[in-house]
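Numbering (the UniProt record's numbering) for the sequence shown: 1 to 76. Yeah, the Cβ is synthetic: ideal placement off N, Cα and C, and Gly gets one too. Report on one structure; see the data block that follows.
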Amino acid sequence: VKDINNNPISNLNLQCGHFPVGNWNSRCDIKTGGNPGEYIQTVTYNGGSNGRLELTYKYFGELIKDKFTISGTIKK
């Protein structure tokens, strides 16, 4: 695993927090992508009601992204 400057890092240094409203399937199982500094996390909206998921990411305890929001909406 490498950062965008091609320096090696440990996945254990990445932390995430999930704050779901509605029926979400999400875990903090962040995987490395194919490029330095690229990370992938899979989140699934299971439907049943309108919902929202706020994600927060930290690296070495330093806030990277706060309250990144994903919305799930039931279409009729």
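Leaving aside the five residues that flank I64 on each side, the residues in its chain whose CB is nearer than 8 Å to its CB run, in chain order, Y57, K58. For the pair G22 and G51, the CB atoms are nearer than the 8 Å cut-off.
Rounded to whole angstroms, the separation of the alpha carbons of P20 and P8 is 32 Å.
In chain order, I30 place their CB closer than 6 Å to the CB of Q41, counting only its own chain and leaving out the 5 sequence neighbours on each side.
In the structure shown, the three-state DSSP call for R52 is strand.
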